[in-house]
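All residue numbers for the sequence shown refer to our numbering, where the first residue is 7 and numbers rise by one. C-beta atoms are modelled at their ideal positions from N, C-alpha and C, and glycine is treated no differently. Written below as structure tokens is the structure these notes are about.
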Amino acid sequence: MKKAWSGRFKRNSSASAESFTESVSFDSRLWEYDIKGSIAHAKMLARQNIISKKDSARILKGLSAIADEFTSGTFKVRKELEDIHMNIEAALIKKIGPIGMKLHTARSRNDQISLDMRMYLKEETREITALIRKVQKTLLKMSERHLGSIMPGYTHLQRAQPVLLSHHLLAYVEMLQRDVSRFKDCLKRIDVLPLGSCAISGTTLPIDRTYVAKMLGFKQIAGNSIDAVSDRDFMLEFLSCSSMVMMHLSRLSEELILWSTEEFNFIELPDEYTTGSSIMPQKKNPDVPELVRAKTGRVYGNVMSILTLMKGLPLAYNRDLQEDKPPVFDTVDTVKSCLTILCNMLPDIIFHTETMLSSAGTGYTTATDIAEYLVKKNIPFRMAHEITGKIVLYCMDKNIQLHQLNIKQLKAFSPVFRNDILKHLEPAASVRAHSSPGGTATSSVMRQIRKYKKLFNEKSPLR
Ligand code: ARG
Numbered sequence: 007m008k009k010a011w012s013g014r015f016k017r018n019s020s021a022s023a024e025s026f027t028e029s030v031s032f033d034s035r036l037w038e039y040d041i042k043g044s045i046a047h048a049k050m051l052a053r054q055n056i057i058s059k060k061d062s063a064r065i066l067k068g069l070s071a072i073a074d075e076f077t078s079g080t081f082k083v084r085k086e087l088e089d090i091h092m093n094i095e096a097a098l099i100k101k102i103g104p105i106g107m108k109l110h111t112a113r114s115r116n117d118q119i120s121l122d123m124r125m126y127l128k129e130e131t132r133e134i135t136a137l138i139r140k141v142q143k144t145l146l147k148m149s150e151r152h153l154g155s156i157m158p159g160y161t162h163l164q165r166a167q168p169v170l171l172s173h174h175l176l177a178y179v180e181m182l183q184r185d186v187s188r189f190k191d192c193l194k195r196i197d198v199l200p201l202g203s204c205a206i207s208g209t210t211l212p213i214d215r216t217y218v219a220k221m222l223g224f225k226q227i228a229g230n231s232i233d234a235v236s237d238r239d240f241m242l243e244f245l246s247c248s249s250m251v252m253m254h255l256s257r258l259s260e261e262l263i264l265w266s267t268e269e270f271n272f273i274e275l276p277d278e279y280t281t282g283s284s285i286m287p288q289k290k291n292p293d294v295p296e297l298v299r300a301k302t303g304r305v306y307g308n309v310m311s312i313l314t315l316m317k318g319l320p321l322a323y324n325r326d327l328q329e330d331k332p333p334v335f336d337t338v339d340t341v342k343s344c345l346t347i348l349c350n351m352l353p354d355i356i357f358h359t360e361t362m363l364s365s366a367g368t369g370y371t372t373a374t375d376i377a378e379y380l381v382k383k384n385i386p387f388r389m390a391h392e393i394t395g396k397i398v399l400y401c402m403d404k405n406i407q408l409h410q411l412n413i414k415q416l417k418a419f420s421p422v423f424r425n426d427i428l429k430h431l432e433p434a435a436s437v438r439a440h441s442s443p444g445g446t447a448t449s450s451v452m453r454q455i456r457k458y459k460k461l462f463n464e465k466s467p468l469r
């Protein structure tokens, strides 16, 4: 197979070098963007009289026939043609003859691959944020359904204070909202047109980059051709945003795993999303959340891999940059599959709200409420803390819970206690009283629910 660049070579490349250097086995998934970019480029070349209108029309026809072949699955990629760009160009020349040789005027694969990846990531950012929104909506529905259910909130994985299950679920909605906003911001820097930078220094031909940007829906054109062909910041930002969302999904998964243990028994995961053991007949294992947790590590690895790839790379394009694709594609696939499976599984989780409530009522979770009661009676918080600590110690000694104390016992610790303290000791009362903004009281949780319902109704994630 004659190479597009064979002019200055005396001998052919070895088969082993060809298979070592090829990227079409993984970059062929960019075909659609590559063709769209080429169509815009050919139109611009004709508009600028760099090629004739007639030639441009022939090229466009050829490209759309190639697109049809990809769509119908009949396009045969050839590894000896290196990458997706060369495969499409060779197919074009084969289809329409030597006119096809004009397409690559004022263009290099260096700006072309950056364009393809930017177009690809723009689309994937849209899809990923839409999936995040779906998970958010699912969590929001769950928190509406469980409004009123009380669970123990934890710090250090020790029972801390009673909270609404809805409040806990909405914490994830909030995290995911930050993820959406990070992707939205990242999109601004993806949305820059590199095409027209050519190999490194631009071109002597009278191209119109702004016209190409407009046709392809880019907000800006890259300002420095050397930077444009060697910059992979936009990918790294995308990967960082992806790592962050995976970290959130992993934390959620970890809690689902923990909550489904016999020890917690807060939830039951649906049969459809769990597996059995090949030896222990009683087992029901939380493999789906476990794998989400594990895949998070893969995505982190992908960021590290490209950071390392970039470190110490001299300007401008180096073939090293070809290795950026597998980690990016893997990240996109992983994030999308994790968001999708969680979306499917979450609505079918059964919450054992009775167990949650009874756990919330033990472990002295309303001790802080007692301390704050004392503060309201003008006792400085540090002293109130000390007094309440003594009360807890007393209960532990007597093997009773706080709500089992009577007023006489309490008065022994401080004369300011009145009968009304007794109604502060149940988890439900504690939850009701935590009505500070962002707190766990139903009124405050309802405010969060209303905020997100409004947001989800009004705006698509990237608006
Ligand atoms: N397959 C290459 C990549 O992914 C395309 C750019 C090749 N450029 C070059 N000068 N060999 O980076």
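Residues bridged to Thr-161 [DSSP beta-bridge criterion]: As a working note, residue 161 is residue 155 in the sequence shown. Residue pairing by DSSP puts Thr-161 in a beta bridge opposite Gln-164.
Three-state class that DSSP yields for Gln-407 in the structure shown: Here residue 407 is taken as the residue at index 401 of the sequence shown, counted from 1. In this structure, Gln-407 counts as coil in the three-state DSSP scheme.
CA-to-CA distance, Ala-177 to Ile-156, given in whole angstroms: As a first step, residue 156 is located in the sequence shown; it is residue number 150 there, counting from the start. As a first step, residue 177 is located in the sequence shown; it is residue number 171 there, counting from the start. So the alpha carbons of these two residues sit roughly 15 angstroms apart.
Got a sec, what are the start and stop residues for the alpha helix (DSSP H) His-254 sits in? Taking the sequence shown and counting its residues from 1, one reaches residue 254 at position 248. Counting along the chain, His-254 sits inside the alpha helix (DSSP H) bounded by residues 239-265.
Using a Cβ-Cβ distance cut-off of 8 angstroms, determine whether Gly-369 contacts chain D. Going by chain labels, chain D is absent from the structure shown, which holds only one protein chain.
Per the contact definition of three or more C-beta pairs closer than 8 angstroms, is the region 40-60 in contact with the region 102-114? Segments in contact, yes.
Among Tyr-400, Asn-405 and Lys-429, which residue has its Cα nearest to the Cα of Gln-415? If you number the sequence shown from 1, residue 415 lands on position 409. Distance check between Gln-415 and each of Tyr-400, Asn-405 and Lys-429 places Tyr-400 closest, using alpha-carbon atoms only.
Which listed residue (Phe-272, Leu-175, Met-125 and His-391) has its alpha carbon closest to that of Ala-366: Locating residue 366 in the sequence shown gives position 360, counting from the first residue. The option with the nearest alpha carbon to Ala-366 is Phe-272.
Quick one: residues with CB closer than 5 angstroms to any heavy atom of ligand 1, in chain order, please. Having a Cβ closer than 5 angstroms to some heavy atom of ligand 1 are Ser-29, Asp-89, Arg-115, Ile-119, Leu-327 and Gln-328.
Go ahead and pull the three-state DSSP assignment for Leu-352. By 1-based counting over the sequence shown, the position of residue 352 is 346. Correct three-state label for Leu-352: helix.
The alpha helix (DSSP H) spanning Gln-142 covers which residue range? Here the question's residue 142 lines up with position 136 in the sequence shown. That run of the alpha helix (DSSP H) goes 115-151.
Rounded separation between Leu-69 and Ala-205 - CA only: Locating residue 69 in the sequence shown gives position 63, where the first residue counts as 1. Locating residue 205 in the sequence shown gives position 199, where the first residue counts as 1. When rounded, the distance between both Cα atoms is 23 angstroms.
What is the DSSP secondary structure of Asn-230, reduced to helix, strand or coil? The count along the sequence shown starts at 1 and reaches residue 230 at position 224. Here Asn-230 sits in coil by DSSP.
Closest by CA to Ser-231, which one among Lys-143, Ile-90, Ser-203 and Gly-223? Counted from its first residue, the sequence shown places residue 231 at position 225. If we check each option's Cα against that of Ser-231, Ser-203 comes out closest.
Which runs of the beta strand (DSSP E) spanning at least 3 residues fall entirely within the region 14-53, listed in chain order? With a minimum length of 3 residues, no continuous beta strand (DSSP E) run stays inside the region 14-53.
Give the secondary structure of Phe-357 by DSSP, where H, G and I count as helix, E and B as strand, and everything else as coil. Residue mapping note: residue 357 aligns to position 351 of the sequence shown, counting from 1. The DSSP-derived three-state label of Phe-357 is strand.
Provide the residue(s) that pair with Val-198 in DSSP beta bridges, ordered along the chain. In the sequence shown, residue 198 corresponds to position 192, counting from 1. DSSP lists Gln-226 as partners of Val-198.
To the nearest whole angstrom, what separates the beta carbons of Ile-455 and Leu-146, a pair I think is in contact under 8 angstroms? Looking up residue 455 in the sequence shown gives position 449. Looking up residue 146 in the sequence shown gives position 140. Contact holds; Cβ gap of about 7 angstroms.
Taking contact to mean 3 or more Cβ pairs, one atom from each stretch, closer than 8 angstroms, check whether the region 191-201 and the region 123-135 are in contact. Three or more Cβ pairs drawn from the region 191-201 and the region 123-135 lie within less than 8 angstroms of each other, which places the two stretches in contact.
Contacting residues, own chain, Cβ-Cβ under 8 angstroms from Lys-140 (five flanking each side not counted): Here residue 140 refers to the residue found at position 134 when the sequence shown is read from its first residue. So the qualifying residues of the chain are Leu-345 and Cys-349.
If contacts are defined as beta-carbon pairs under 8 angstroms, then Leu-193 and Thr-281 qualify, I think. What distance do you get, rounded to the angstrom? The residue you call residue 193 lines up with position 187 of the sequence shown. The residue you call residue 281 lines up with position 275 of the sequence shown. Actually they are not in contact, since the Cβ atoms of Leu-193 and Thr-281 sit about 37 angstroms apart, beyond 8 angstroms.
Using CA atoms only, rank isn't needed, just tell me which of His-430, Pro-212 and Glu-296 is closest to Ile-263. Numbered from 1 along the sequence shown, position 257 holds the residue referred to as residue 263. Checked all of His-430, Pro-212 and Glu-296; the closest Cα to Ile-263 is Glu-296.
Measuring CA to CA, which of Asp-277, Leu-321, His-91 and Leu-175 is closest to Glu-150? Counted from its first residue, the sequence shown places residue 150 at position 144. Out of Asp-277, Leu-321, His-91 and Leu-175, Leu-175 has the C-alpha closest to the C-alpha of Glu-150.
Selection from Pro-333, Arg-325, Gln-328 and Ile-285 that minimises the alpha carbon distance to Gly-470: In the structure as shown, the chain starts at 7 and stops at 469, and residue 470 therefore has no counterpart that could be examined.
Check the C-beta distance from Lys-331 over to Asp-33 and give it rounded, since I have them as a contact under 8 angstroms. As a working mapping, residue 331 is identified with position 325 in the sequence shown. As a working mapping, residue 33 is identified with position 27 in the sequence shown. Contact between Lys-331 and Asp-33 holds: their C-beta atoms lie close to 6 angstroms from each other, under 8 angstroms.
Sheet register partners of Thr-281 (DSSP bridge): Counted from its first residue, the sequence shown places residue 281 at position 275. Its beta-bridge partners are Asn-291.
I believe Ser-436 touches Pro-158 by the beta-carbon criterion, under 8 angstroms. Please report the beta-carbon distance rounded to the nearest angstrom. The sequence position of residue 436 within the sequence shown is 430, counting from 1. The sequence position of residue 158 within the sequence shown is 152, counting from 1. Going by Cβ atoms, the distance from Ser-436 to Pro-158 rounds to 11 angstroms, so no, they are not a contact pair.
Between which two residues does the alpha helix (DSSP H) harbouring Val-451 extend? Here the question's residue 451 lines up with position 445 in the sequence shown. Val-451 -> alpha helix (DSSP H) spans 448-464.
Which residue marks the beginning of the alpha helix (DSSP H) containing Gly-68, and which one marks its end? Within the sequence shown, residue 68 is the residue found at index 62, counting from 1. Unbroken alpha helix (DSSP H) run through Gly-68: 59-78.
Going by other Cβ atoms of all chains shown within 10 Å of its Cβ, with 16 needed for buried, is Met-7 buried or exposed? For the purposes of this step, residue 7 is taken as the residue at position 1 of the sequence shown. Met-7 comes out exposed.
Same chain, Cβ closer than 6 angstroms to Val-218, five either side skipped, listed in chain order: As a position in the sequence shown, residue 218 is number 212, starting the count at 1. Apart from sequence neighbours up to five positions away, the residues of its chain that approach Val-218 with a beta-carbon distance below 6 angstroms are Ala-46, Met-50 and Leu-201, ordered along the chain.
Starting from Pro-433, trace the alpha helix (DSSP H) in both directions and tell me its first and last residue. Here the question's residue 433 lines up with position 427 in the sequence shown. Here the alpha helix (DSSP H) through Pro-433 covers 433-439.
Go ahead and pull the three-state DSSP assignment for Ile-213. Taking the sequence shown and counting its residues from 1, the one referred to as residue 213 is at position 207. Note: Ile-213 maps to coil in three-state DSSP.
Using C-beta distances below 6 angstroms, list every residue in its chain close to Val-338, excluding the 5 sequence neighbours before and after it, in chain order. In the sequence shown, counting from the first residue as 1, residue 338 sits at position 332. Excluding positions up to five away in sequence, the list reads Glu-130.
First and last residue of the uninterrupted alpha helix (DSSP H) at Ile-56: Numbered from 1 along the sequence shown, position 50 holds the residue referred to as residue 56. Here Ile-56 belongs to no alpha helix (DSSP H), and DSSP marks it neither H nor E.
Which residue marks the beginning of the alpha helix (DSSP H) containing Tyr-379, and which one marks its end? Translated into the one-based positions of the sequence shown, residue 379 becomes position 373. For Tyr-379, the enclosing alpha helix (DSSP H) has its first and last residue at 373-382.
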